[in-house]
Amino acid sequence: MTSKGNDLRTPFARANGLGSAKSGTAHFWRQRMSAVALIPLAIWFVVSALTMVGANLAEVLVFFDSPVNAILMFLFLFAALYHMTLGLQVVIEDYIHQEGIKLLVLMLNRFFAIAVGFATAFALLKIAL
Amino acid sequence: MADGPIGGGAGTQARPLGRPRPRPLSPHISIYRWPITMAASILHRLTGVALAGGTLFLAWWLIAAASGPDAYDMFLGVASHPVGWIILFGFVWSLSFHLLNGIRHLAWDLGYGFKVPTARLTAALVFGLSLAIAVAVFAYGFFGVGGGL
């Protein structure tokens with residue numbers, strides 16, 4: 008990679024560093040960043056959910072009255088859905104080989120993440136405000 | 061033997077003209093015994109896909125809470141039903157497994173834990189700890205605050 012004598016790439020391609028898939032390490036890096044963010048956020052979520060086992064509606068509303076809880080829930084949802092859509096994308100690319108169907112399912116994957124994201128964000132805002 | 065996956069040695073078998081010599085094939089998943097590292101790898105992907113389905117349950121919880129008491133009661137009805145327990149246990153175990161095995165993956169990304177005995181040990185730890193966490197969370201849910209579900 009570093010020995011210029013064997014490198015068949017142009018200087019521009021080398022500087023771009025995008026490789027044969029033309030997207031470089033962007034997908035990989037975003038997957039790891041969201042993974043790291045999810046370590047504390049997922050632990051917070053499980054512990055918080057445990058305090059609300061069997062809780063009635065009033066108790067859930069009180070929990071999200073706290074801006075800290077509402078904000079952490081937003082962050083958890085955003086990181087989780089982002090991580091989810093990146094991961095599902097790889098699964099789809101691995102197992103679906105027919106181009107047309109793959110394109111369609113990749114679109115549905117993004118639609119799913121965006122739909123769940125907006126739905127939960129709206130519900131959370133309605134509860135918290 | 062000529063039609064077996066390994067094929068005969070070169071030139072040792074009579075073979076009809078125009079028919080290509082069978083090439084050696086790589087064994088597929090069904091051939092291998094299951095090393096614990098392979099099981100962990102496959103389960104990482106499976107739990108990830110399961111958690112994607114779990115976001116629907118999470119979304120239902122929040123939307124029901126935003127919709128009012130009737131919608132929330134309907135959610136609680138399913139969540140406290142045995143079918144709901146199975147979904148919730150699967151969700152909690154998937155989350156703990158994916159989280160712990162994800163930390164294992166991040167360690168690999170940093171270059172640690174590649175030795176075979178280490179990889180086996182950490183895989184076993186992930187299986188044991190994730191089950192322990194899921195059972196503990198459930199035990200707490202049942203017998204903990206407010207009489208549980």
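Chains as they are written, first to last, in the working numbering: chain A, 8 to 136; chain B, 61 to 209. For glycine and all other residues, C-beta sits at the position ideal for the given N, C-alpha and C.
Cβ-Cβ distance between residue i and residue j below 8 Å
i: A:L93; j: A:L48; result: no
i: B:L191; j: A:I46; result: no
i: A:M103; j: A:N116; result: In the sequence as displayed, the identity of residue 103 of chain A is Ile instead of Met. Not closer than 8 Å, so no.
i: A:S55; j: A:N23; result: no
i: A:L84; j: A:G26; result: no
i: B:G162; j: A:A65; result: no
i: B:T107; j: B:F157; result: yes
i: B:L111; j: B:S154; result: yes
i: A:I134; j: A:L68; result: yes
i: B:A100; j: B:A194; result: no
i: B:V143; j: B:F198; result: no
i: A:F70; j: A:M59; result: yes
i: A:L57; j: B:G173; result: no
i: A:L113; j: A:Q96; result: yes
i: A:A33; j: A:A86; result: no
Chain B residues whose Cβ lies nearer than 7 Å to that of residue i
i: A:K133; result: A126
i: A:L57; result: V197, Y200 and G201
i: A:A77; result: None at all; the shortest Cβ gap to chain B is about 11 Å.
i: A:V112; result: Per Cβ cutoff of 7 Å: no residues; A:V112 is ~13 Å from chain B at best.
Proximal residues of chain B, C-beta to C-beta of residue i below 9 Å
i: A:L95; result: G108, V109 and A112
i: A:T87; result: The displayed chain sequence assigns Ala, not Thr, to residue 87 of chain A. Here the neighbours are L111, T115 and L118.
Cross-chain neighbours of residue i in chain A, by beta carbon under 7 Å
i: B:P129; result: L64
i: B:L103; result: Within chain A, no residue comes near B:L103; the closest Cβ sits about 14 Å away, beyond 7 Å.
i: B:L181; result: Going along chain A, no residue has its Cβ under 7 Å from B:L181, so there is no contact; the nearest lies around 21 Å.
i: B:L189; result: Here the premise fails: no neighbours, minimum Cβ distance about 13 Å.
Contacts that residue i makes with chain A (C-beta to C-beta distance below 9 Å)
i: B:I163; result: A42 and I46
i: B:I147; result: Here the premise fails: no neighbours, minimum Cβ distance about 13 Å.
i: B:L155; result: A49, F52 and V53
i: B:Y132; result: N63, L64 and V67
Neighbouring residues, chain A, relative to residue i (Cβ below 8 Å)
i: B:I123; result: A126, T127 and A130
i: B:L166; result: R39, A42 and V43
Pull out every residue of the stretch 115-129 of chain A whose Cβ sits closer than 7 Å to any Cβ of chain B, in chain order. V123, A126 and T127
Any contact between the stretch 114-122 of chain B and the stretch 116-131 of chain A? By contact I mean 3 or more CB pairs, one from each, below 8 Å. yes
Report yes or no: do the stretch 152-169 of chain B and the stretch 80-88 of chain B share at least 3 C-beta pairs separated by less than 8 Å? no
Give the residues from the stretch 21-40 of chain A that approach chain B closer than 7 Å (Cβ to any Cβ), ordered along the chain. R39
Are the stretch 179-194 of chain B and the stretch 92-109 of chain B touching, with three or more C-beta to C-beta distances below 8 Å? yes
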